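**Q** Just dropping this structure here.
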Ligand code: GDP
Ligand code: MN
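Residue numbers (the working numbering): 19 to 412.
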């Protein structure tokens with residue numbers, strides 16, 4: 019699960035990392051009020067940033083500086099409501115604009131190959147790290163954190179030297195790099211990224227110019243499987259930006275992944291769902307989704323799964339493959355009948371149910387004039403043929 023920059027900054031701050039102040043505004047009026055506050059506090063300018071769960075906001079015009087109340091109003095007006103990579107901007111972050119001396123990249127990822135948290139740093143900050151990795155992999159410095167001891171000071175210093183950071187900034191960089199690892203651990207994150215981490219120029223209380231290292235941007239991806247351990251983080255889910263199908267699937271506890279094909283699949287068990295997809299492909303079709311309704315699914319869950327499949331306009335035939343163990347075949351049949359009664363789209367469906375209460379299921383389905391199949395091969399072939407007849411699968 020991705021979280022918004024403002025929420026990610028909150029998590030970084032909770033680990034003691036230096037993050038400039040910010041406010042979140044949902045309207046131009048709120049943005050202007052926040053900007054006035056920072057300008058009155060002595061900031062020469064404010065930065066206004068789109069809060070959307072995609073990168074490259076700067077390039078897309080979603081990050082603007084404003085030197086006055088009126089400029090802030092113009093900027094907020096331009097950003098709120100704009101579309102970035104297909105996502106409408108509904109909120110902005112407002113904060114004092116940083117006077118940037120130099121930008122760096124600093125990120126931590128869960129590296130599955132080495133089974134460690136790996137911290138990456140690059141002197142090429144502010145640009146997308148994937149581009150840097152492609153152009154010049156040697157520009158990215160890496161250190162793997164020890165699973166129990168975390169990132170050692172010497173490792174953090176090595177990263178700092180690698181990106182040309184020395185002198186007065188070394189100490190804060192070490193704390194930030196180590197803080198990135200603890201942010202990963204404390205929140206069960208898959209990725210924590212600060213891009214740019216920046217040396218900024220500020221004035222201290224005596225009016226002297228000082229330099230500081232701060233996180234100007236923050237991106238965090240949380241491990242969905244870790245969320246039950248963090249109820250507070252679950253609350254950061256931004257439903258505005260989530261695919262409605264994903265929301266629906268989560269509510270009904272269905273494992274659903276949309277694919278590109280035309281054959282909708284409803285199966286119980288992840289392994290059987292994968293096998294079903296393989297057989298659809300072997301029969302010459304393409305699955306429209308992976309869907310595991312889980313063990314013991316009742317009629318209402320089956321109906322919800324059917325709604326999800328039918329909501330995909332590409333679906334031209336549906337293959338239901340149920341192996342009744344804990345799941346009762348007759349319950350699934352009832353769910354299918356219930357779902358078809360309320361569906362607004364007529365799509366051919368082939369049902370194969372074996373195992374617990376398969377006979378009752380068969381009788382119910384025959385009465386309701388469903389197309390059934392005895393074997394999985396037969397079911398896959400029938401579903402692919404039905405989709406072809408509709409004009410889909412080539
Ligand atoms: P992203 O494009 O979505 O990654 O958004 P960022 O927050 O990283 O902003 C993009 C770029 O805008 C940064 O790399 C900076 O160059 C610039 N930027 C962001 N915040 C400030 C700021 O406070 N002051 C100045 N001068 N530039 C900023
Ligand atoms: Mn960025």
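Glycine is no exception: its CB is placed at the ideal position from the N, C-alpha and C atoms. All figures in this text were calculated on a predicted structure; none of them were measured in a lab.
1. Going straight from the alpha carbon of residue 122 to that of residue 329, what length do you get?
2. Roughly how many angstroms lie between the CA atoms of residue 177 and residue 368, to the nearest whole one?
3. Can you name the start and end residues of the alpha helix (DSSP H) that residue 318 belongs to?
4. Any chance the CB of residue 235 is under 7 Å from a heavy atom of ligand 2?
5. Cβ atoms of residue 61 and residue 115: under 8 Å apart, would you say?
6. For residue 112, does the three-state DSSP call read helix, strand or coil?
7. Give the DSSP-derived three-state secondary structure of residue 200 in the structure shown.
8. What's the C-alpha gap between residue 338 and residue 302?
9. Tell whether a beta-carbon distance below 8 Å holds between residue 323 and residue 272.
10. When DSSP labels each residue in this structure, what does residue 158 get in the three-state scheme?
11. Would you mind reading off the limits of the alpha helix (DSSP H) that contains residue 75?
12. Where residue 103 and residue 72 are concerned, what is the direct C-alpha to C-alpha distance, given to the nearest angstrom?
13. Helix, strand or coil for residue 411? Go by DSSP, reduced to three states.
14. Taking all protein chains shown into account, decide if residue 473 is buried (16 or more other Cβ within 10 angstroms of its Cβ) or exposed.
15. Verify whether the separation of the beta carbon atoms of residue 354 and residue 320 is less than 8 Å.
16. Could you check if residue 21 is buried or exposed, using at least 16 other CB atoms within 10 Å of its CB as the buried criterion?
17. Would you check if the distance between the CB atom of residue 43 and the CB atom of residue 112 is smaller than 8 Å?
18. At a cut-off of 7 Å, is residue 36 close to ligand 2 when judged by its beta-carbon and the heavy atoms of the ligand?
19. Exposed or buried, residue 217, counting other C-beta atoms within 10 Å across all chains shown (16 or more means buried)?
20. Locate the alpha helix (DSSP H) running through residue 118, then write down its first and last residues.
21. When the Cα of residue 304 is compared with those of 255, 295 and 55, which residue comes out closest?
22. Along the alpha helix (DSSP H) that carries residue 163, what are the first and last residues, could you check?
23. Among the residues of its own chain, which have a CB less than 7 Å from the CB of residue 52, if the five just before and after it don't count?
24. Output needed for residue 376: all residues of its chain with C-beta closer than 7 Å, excluding positions within five of it in sequence on either side, in chain order.
25. Going by the beta-carbon positions, is the gap between residue 205 and residue 251 smaller than 8 Å?
26. Go ahead and label residue 335 buried or exposed: buried means 16 or more other beta carbons lie within 10 angstroms of its beta carbon, across all protein chains shown.
27. Under the assumption that residue 286 contacts residue 340 (Cβ atoms under 8 Å), give the Cβ distance between them as a whole number of angstroms.
28. What's the C-alpha gap between residue 201 and residue 30?
29. Going residue by residue through the region 332-396, where are the continuous beta strand (DSSP E) segments of at least 3 residues, counting only ones entirely within it?
30. Can we say the region 146-153 touches the region 185-195, given the rule of at least three CB pairs closer than 8 Å?
31. Taking the alpha carbon of residue 183 as the point to measure from, which residue in 197, 124, 222 and 169 has its own alpha carbon closest?
32. Given a cut-off of 8 Å on the beta-carbon distance, is the pair residue 306 and residue 333 in contact?
**A** Reading off the structure:
1. Residue 122 and residue 329 have their C-alpha atoms some 44 Å from each other.
2. Roughly 58 Å separates the two Cα atoms.
3. Where residue 318 is concerned, the enclosing alpha helix (DSSP H) stretches over 317-328.
4. Yes - ligand 2 has a heavy atom lying nearer than 7 Å to the Cβ of residue 235.
5. Against a cut-off of 8 Å, the Cβ pair of residue 61 and residue 115 comes out as a contact.
6. Looking at residue 112 - three-state DSSP - the assignment turns out to be strand.
7. Here residue 200 sits in helix by DSSP.
8. So the two alpha carbons sit approximately 17 Å from each other.
9. Yes, the pair counts as a contact, with Cβ atoms nearer than the cut-off.
10. Strand.
11. That residue, residue 75, is in no alpha helix (DSSP H); it is neither H nor E in DSSP.
12. If you draw a straight line from the Cα of residue 103 to the Cα of residue 72, it comes to about 7 Å.
13. Any reading at residue 411 needs caution, since the residue's pLDDT is 43, under 50, leaving its predicted position unreliable; the model's value is listed next. If DSSP states are grouped into helix, strand and coil, residue 411 belongs with coil.
14. The question about residue 473 has no answer, for the chain in this structure spans 19 to 412.
15. A contact, by the Cβ cut-off of 8 Å.
16. Buried, because 16 or more other Cβ atoms sit within 10 Å of the Cβ of residue 21.
17. Their beta carbons are under 8 Å apart, which means residue 43 touches residue 112 by this criterion.
18. Not under cutoff, so the answer is no.
19. For residue 217, the number of other beta carbons within 10 angstroms of its own is at least 16, and it is reported as buried.
20. Following the DSSP letters along the chain, one finds residue 118 in no alpha helix (DSSP H) but inside the beta strand (DSSP E) bounded by residues 117-129.
21. Residue 304 has its Cα closest to that of 295, out of 255, 295 and 55.
22. For residue 163, no alpha helix (DSSP H) segment is defined, and its DSSP state is neither H nor E.
23. Around residue 52: 41, 43 and 112.
24. The beta carbon of residue 376 lies closer than 7 Å to those of 342 and 347 in the same chain, with the five residues before and after it left out.
25. Yes. Within cutoff.
26. The residue is buried, with at least 16 neighbouring Cβ atoms inside 10 Å.
27. The C-beta distance from residue 286 to residue 340 rounds to 5 Å, short enough to meet the 8 Å contact threshold.
28. If I take the Cα positions, the gap works out to 7 Å.
29. Entirely contained in the region 332-396, the beta strand (DSSP E) runs reaching 3 residues are, in chain order, 335-342 and 367-373.
30. Flag = no, the region 146-153 and the region 185-195 do not touch.
31. Ranking the options by Cα distance to residue 183, first place goes to 124.
32. Yes; because the gap between Cβ atoms is below 8 Å, this pair is in contact.
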